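Enquirer: Dropping the structure in here first, questions after.
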Amino acid sequence: NCWAQFCLASLPMERNVVIVGGGVVGSCCAYFLAKKGGADIKITIVERNVVACAASGKAGGFLASDWCSHSPLLDKLTRNSFRLHTELAEALNGAENYEYRTLDTFAVSTDLSYNPVTKSDPKMMLDDSAVPMEAREWLNGPSIDPQDSSQFEAIGNKSNTAQVHPEKFTKHLLNEAKSLAPVTILENTTVTGLVLSPENVVKGVQLEGGEELEANEVLLCAGPWTPIVCKWIHKQEPKLSEIISNQIIPEKYYSIVILPNNEEDREKIAATALFLKNSSPEAKLSEPEVYPRPTGRVYVCGCEEVLPIPEDPKEILPSVEEHCKTLAATAACMSNALRVKEYYEDGATATLEAKQACYLPICRSGVPIIGPIESVNGLWIATGHGCWGILNSPATGQIMAEYLLDGKPSLMDCTGFTPSSLL
1 NCWAQFCLAS
11 LPMERNVVIV
21 GGGVVGSCCA
31 YFLAKKGGAD
41 IKITIVERNV
51 VACAASGKAG
61 GFLASDWCSH
71 SPLLDKLTRN
81 SFRLHTELAE
91 ALNGAENYEY
101 RTLDTFAVST
111 DLSYNPVTKS
121 DPKMMLDDSA
131 VPMEAREWLN
141 GPSIDPQDSS
151 QFEAIGNKSN
161 TAQVHPEKFT
171 KHLLNEAKSL
181 APVTILENTT
191 VTGLVLSPEN
201 VVKGVQLEGG
211 EELEANEVLL
221 CAGPWTPIVC
231 KWIHKQEPKL
241 SEIISNQIIP
251 EKYYSIVILP
261 NNEEDREKIA
271 ATALFLKNSS
281 PEAKLSEPEV
291 YPRPTGRVYV
301 CGCEEVLPIP
311 EDPKEILPSV
321 EEHCKTLAAT
331 AACMSNALRV
341 KEYYEDGATA
351 TLEAKQACYL
361 PICRSGVPII
371 GPIESVNGLW
381 IATGHGCWGI
391 LNSPATGQIM
401 AEYLLDGKPS
411 LMDCTGFTPS
421 SLL
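FYI, full-length UniProt numbering numbers position 332 of the sequence shown as 332, with every residue one higher than the one before it.
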C-alpha cells in the first residue's frame, strides 16, 4: 500500500484534491499544493460553515520556535514551521496583510482573584529592570508593584516568538492559493462521507443531499471534528479509525478581544505576549494568556472545558458568562486601559469587541497526525495540532504538498506523524 501511494503520487495525471475543512491547516495545505502544483492541480476546500469559523479564527495566533524541545519530533516540526512563517511574512507582506510581527514574551506570577465588581486588588509583581520601557508603559494596572523583581521572567524574544492574526492569516493564504492554481472554496457545505472504488481507491466525497464531488485525493483537515470524519473509514480501517478517534480530544477554550477606547492607550500597548501564572488559590483561572495585537486590540484566553463538541461550528458559543467575566478581570489586572464597560459600571476605558469560544484538537500522543491512510489509496489526514495549530500549519501544508506531489516529504522525516505509527 505504501508503494501504491508512492506510485499514485508519481504518475503524471490530473490532480484533483478535495480538502475537508477550511481551517488554518486546510488553508496551508491548499496554499502549498497550489504553489507546488500550479495549474496542473485542482483544489476544492469544503467547509461546513465558513473559512476560519472555529479555532483558526478565534485562537491567539502565538508562534514560538523552540518551545517544544521536550519532543524531538515536534521540535523539528515547530522550528521548520516558525521559519516558514518568517518566510511567508516576508513574501506575502504578513505585517500588513495578517498582522505578523515578532514579540517579546514574559511569564508573570500574579494573583488572579481580582473581582471586577468589588474591585478588590490582587498583587502582581513586575520586574522593572527585566521589562522593556515600552512594555512597562502599558502594564499599569492597579495591582502592579514594580519594586518586586522576582515574579517576572523573560521566556521569549523577537528572535524566537511572534504572532499572526489567525483568521486573517488563514484567509490570506487561501487567497494566495487561488492566485496560483484553480482553487474552489465551498462554504456552508457538509461532507457526509467518502466515495471509494471497490479497490478502496478515492473517487471523491459525498455531500449532504447525496451529491458527489469528484476527486482522486482527499485530505482530511477536520481538527476537533476528526472523530466524526474517522467514521468514514471504519469499514476499511476499523482499528485505525477507532485509534485516531480516541487520540483526538476536543477541548473548549474561551477568549475575549478588548479595544482600548483611547487612541493614545492603544498606541502604548507594546509587542509583548504575557503568560500569567496564578498565585492565588481563590482565583478561578489558572494560567491565562494575553496577546496584544498591532491594532491596539488585546486578546485574552483561558478557561478550558472538556465538553462534547457540536457537529455544527455555529453552535459553539461562549456559554458560560462567568468565564468571559474572569478573562475581562484578568485584563483589568494588567492595564488600566483594559477595563470594559460590560463589567465596570464606572471607569470603563475599553470596549469588549468579542466574547467567543472554540475547540482545540488535543492529541493524546502529544504530536499531530499527518500522512496517508494507507489502506485507502488517495486518502490523507492532517490533524491533532492542539494549541500549536496556527504555528505548525505552514510546515504541515508543505509536508502534505510534498506527500501528494512528490511521493514523500523532504522537509523532514515524518514517519512518527503518520497514522500507521499509531498502530
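No residue lacks a Cβ here, since even glycine has one placed at the ideal position from N, Cα and C.
Fair warning: this is a prediction, and the values are worked out from it, not measured in the lab.
Among the candidates 224, 299, 191, whose CA atom is the shortest distance from the CA of residue 209?
Expert: In the sequence shown, residue 209 corresponds to position 209, counting from 1. For residue 209, the nearest C-alpha among the options comes from 191.
Enquirer: Between which residues of its own chain and residue 394 is the CB-CB distance below 7 Å, once the five residues before and five after are set aside?
Expert: The count along the sequence shown starts at 1 and reaches residue 394 at position 394. Correct list, in chain order: 28, 81, 84, 85, 88.
Enquirer: Looking only at C-alpha atoms, which of 34, 412, 139 sits nearest to residue 298?
Expert: Mapped onto the sequence shown, residue 298 falls at position 298. If we check each option's Cα against that of residue 298, 139 comes out closest.
Enquirer: For residue 288 versus residue 330, is the C-beta spacing smaller than 8 Å?
Expert: For the purposes of this step, residue 288 is identified with residue 288 of the sequence shown, where counting begins at 1. For the purposes of this step, residue 330 is identified with residue 330 of the sequence shown, where counting begins at 1. Yes. Within cutoff.
Enquirer: Return helix, strand or coil for residue 380, following the three-state DSSP convention.
Expert: Translated into the one-based positions of the sequence shown, residue 380 becomes position 380. In the structure shown, residue 380 sits in a strand (DSSP, three-state: E or B).
Enquirer: Residue 116 by DSSP, collapsed to three states: which one?
Expert: For the purposes of this step, residue 116 is taken as residue 116 along the sequence shown, with counting starting at 1. With a pLDDT of only 48 at residue 116, under the threshold of 50, the placement of this residue in the model should not be trusted; the figure read from the coordinates follows. In the structure shown, residue 116 sits in coil (DSSP, three-state: anything other than H, G, I, E or B).
Enquirer: Which whole-angstrom value describes the C-beta separation of residue 51 and residue 171, a residue pair presumed to lie in contact below a C-beta threshold of 8 Å?
Expert: Working through the sequence shown from its first residue, we reach residue 51 at position 51. Working through the sequence shown from its first residue, we reach residue 171 at position 171. With a Cβ gap of about 6 Å, residue 51 and residue 171 count as contacting.
Enquirer: Would you say residue 377 and residue 262 are within 8 Å of each other, going by their C-beta atoms?
Expert: The residue you call residue 377 lines up with position 377 of the sequence shown. The residue you call residue 262 lines up with position 262 of the sequence shown. Cβ distance not < 8 Å, so residue 377 and residue 262 don't count as in contact.
Enquirer: Starting from residue 289, follow its DSSP beta bridges and name the residues at the other end.
Expert: As a working mapping, residue 289 is identified with position 289 in the sequence shown. BP columns for residue 289 point to 275, 301.
Enquirer: Would you decide whether residue 382 is buried or exposed? Buried here means 16 or more other CB atoms lie within 10 Å of its CB.
Expert: Taking the first residue of the sequence shown as position 1, residue 382 is located at position 382. So residue 382 ends up on the buried side.
Enquirer: Identify every residue that forms a DSSP beta bridge with residue 206.
Expert: Walking along the sequence shown from the start, residue 206 turns up at place 206. Partner(s): 193, 212.
Enquirer: From the DSSP secondary-structure annotation, give me the bridge partner or partners of residue 363.
Expert: Stepping through the sequence shown from its first residue, residue 363 is reached at position 363. Per DSSP, 248.
Enquirer: Give the range of the alpha helix (DSSP H) segment to which residue 226 is assigned.
Expert: Here residue 226 corresponds to residue number 226 of the sequence shown, with the count starting at 1. Where residue 226 is concerned, the enclosing alpha helix (DSSP H) stretches over 226-229.
Enquirer: So, at 8 Å on beta carbons, what are the nonlocal neighbours of residue 320 in its own chain, with the 5 sequence-adjacent residues on each side left out?
Expert: Sequence index remark: in the sequence shown, residue 320 carries index 320 (1-based). Same-chain partners within the cutoff: 254, 303, 305.
Enquirer: Have a look at the DSSP bridge pairing and note the partners of residue 108.
Expert: Translated into the one-based positions of the sequence shown, residue 108 becomes position 108. Answer is 152, 276.
Enquirer: Could you pull the DSSP bridge partners for residue 201 from this structure?
Expert: Working through the sequence shown from its first residue, we reach residue 201 at position 201. Answer is 377.
Enquirer: Taking C-alpha atoms, which residue in 384, 251, 59, 270 lies nearest to residue 301?
Expert: For the purposes of this step, residue 301 is taken as residue 301 along the sequence shown, with counting starting at 1. Residue 59 is the option with its Cα nearest to residue 301.
Enquirer: Do you know offhand how far residue 107's Cα is from residue 216's?
Expert: Locating residue 107 in the sequence shown gives position 107, where the first residue counts as 1. Locating residue 216 in the sequence shown gives position 216, where the first residue counts as 1. Computed Cα separation, rounded: 48 Å.
Enquirer: Can you tell me the Cβ-Cβ gap for residue 177 and residue 43, rounded? I've got them flagged as a contact below 8 Å.
Expert: Looking up residue 177 in the sequence shown gives position 177. Looking up residue 43 in the sequence shown gives position 43. About 7 Å separates the two Cβ atoms, so the contact holds.
Enquirer: Using a 10 Å radius around the Cβ and a threshold of 16 neighbouring Cβ atoms, would you call residue 385 buried or exposed?
Expert: As a working mapping, residue 385 is identified with position 385 in the sequence shown. Burial call: buried.
Enquirer: For residue 116 and residue 141, what's the separation of their Cα atoms in angstroms?
Expert: In the sequence shown, counting from the first residue as 1, residue 116 sits at position 116. In the sequence shown, counting from the first residue as 1, residue 141 sits at position 141. At residue 116 the pLDDT is 48, less than 50, meaning the model places this residue with poor confidence and gives no usable figure here.
Enquirer: Any idea if residue 238 is buried or exposed, counting beta-carbon neighbours within 10 angstroms, 16 or more meaning buried?
Expert: If you number the sequence shown from 1, residue 238 lands on position 238. The residue is exposed, with fewer than 16 neighbouring Cβ atoms inside 10 Å.
Enquirer: For the putative contact between residue 158 and residue 75, defined by C-beta atoms under 8 Å, what is the C-beta separation to the nearest angstrom?
Expert: Position 158 of the sequence shown, counted from the start, is the residue given in the question as residue 158. Position 75 of the sequence shown, counted from the start, is the residue given in the question as residue 75. Contact flag wrong, Cβ pair sits at about 20 Å.
Enquirer: Is it the case that the segment 365-375 contacts the segment 341-354, given that we only count it when at least three CB pairs across the two stretches are under 8 Å?
Expert: Touching, no, given that fewer than three Cβ pairs across the two stretches are closer than 8 Å.
Enquirer: State the DSSP-derived secondary structure class of residue 255, mapped to helix, strand or coil.
Expert: In the sequence shown, counting from the first residue as 1, residue 255 sits at position 255. In the structure shown, residue 255 sits in a strand (DSSP, three-state: E or B).
Enquirer: Touching or not, the segment 26-40 and the segment 224-236, by the rule of three or more beta carbon pairs under 8 Å?
Expert: Touching, no.
Enquirer: Identify the residues that DSSP records as bridge partners of residue 16: which are they?
Expert: The sequence position of residue 16 within the sequence shown is 16, counting from 1. According to DSSP, residue 16 bridges with 42.
Enquirer: How would you label residue 188, buried or exposed, when you count the other beta carbons within 10 angstroms and need 16 or more for buried?
Expert: Numbered from its first residue, the sequence shown carries residue 188 at position 188. Its Cβ having fewer than 16 others within 10 Å, residue 188 is exposed.
Enquirer: Tell me whether residue 99 is buried or exposed, calling it buried when 16 or more other Cβ atoms sit within 10 Å of its Cβ.
Expert: For this step, residue 99 is matched to residue 99 along the sequence shown. Residue 99 should be labelled buried.
Enquirer: Please report how far the alpha carbon of residue 352 lies from the alpha carbon of residue 336, in whole angstroms.
Expert: Start at 1 with the first residue of the sequence shown, and residue 352 comes out as number 352. Start at 1 with the first residue of the sequence shown, and residue 336 comes out as number 336. Going from the Cα of residue 352 to the Cα of residue 336 covers about 14 Å.
Enquirer: Under 8 Å Cβ to Cβ from residue 312, same chain only, skipping five residues before and after it: list those, please.
Expert: Taking the sequence shown and counting its residues from 1, the one referred to as residue 312 is at position 312. Around residue 312: 48, 49.
Enquirer: Does residue 218 come out as helix, strand or coil in the three-state DSSP assignment?
Expert: Sequence index remark: in the sequence shown, residue 218 carries index 218 (1-based). Looking at residue 218 - three-state DSSP - the assignment turns out to be strand.
Enquirer: Just to confirm before moving on: does the CB-CB distance between residue 167 and residue 241 stay below 8 Å?
Expert: To locate residue 167, count along the sequence shown from 1; it is residue 167. To locate residue 241, count along the sequence shown from 1; it is residue 241. Result no, Cβ atoms of residue 167 and residue 241 do not sit closer than 8 Å.
Enquirer: Determine the burial state of residue 441: buried for a count of at least 16 other Cβ atoms within 10 Å of its Cβ, exposed for fewer.
Expert: Outside the shown range of the chain (1 to 423) lies residue 441, about which nothing can therefore be said.
Enquirer: For residue 250, collect the residues of the same chain with a Cβ closer than 7 Å to its Cβ; drop the 5 residues on either side in sequence, then sort them by chain order.
Expert: The residue you call residue 250 lines up with position 250 of the sequence shown. For residue 250, where only same-chain residues beyond five positions count, the Cβ hits under 7 Å are 224, 309, 359, 361.
Enquirer: Are the beta-carbon atoms of residue 296 and residue 260 separated by less than 8 Å?
Expert: In the sequence shown, counting from the first residue as 1, residue 296 sits at position 296. In the sequence shown, counting from the first residue as 1, residue 260 sits at position 260. Yes, these two residues count as a Cβ contact at 8 Å.
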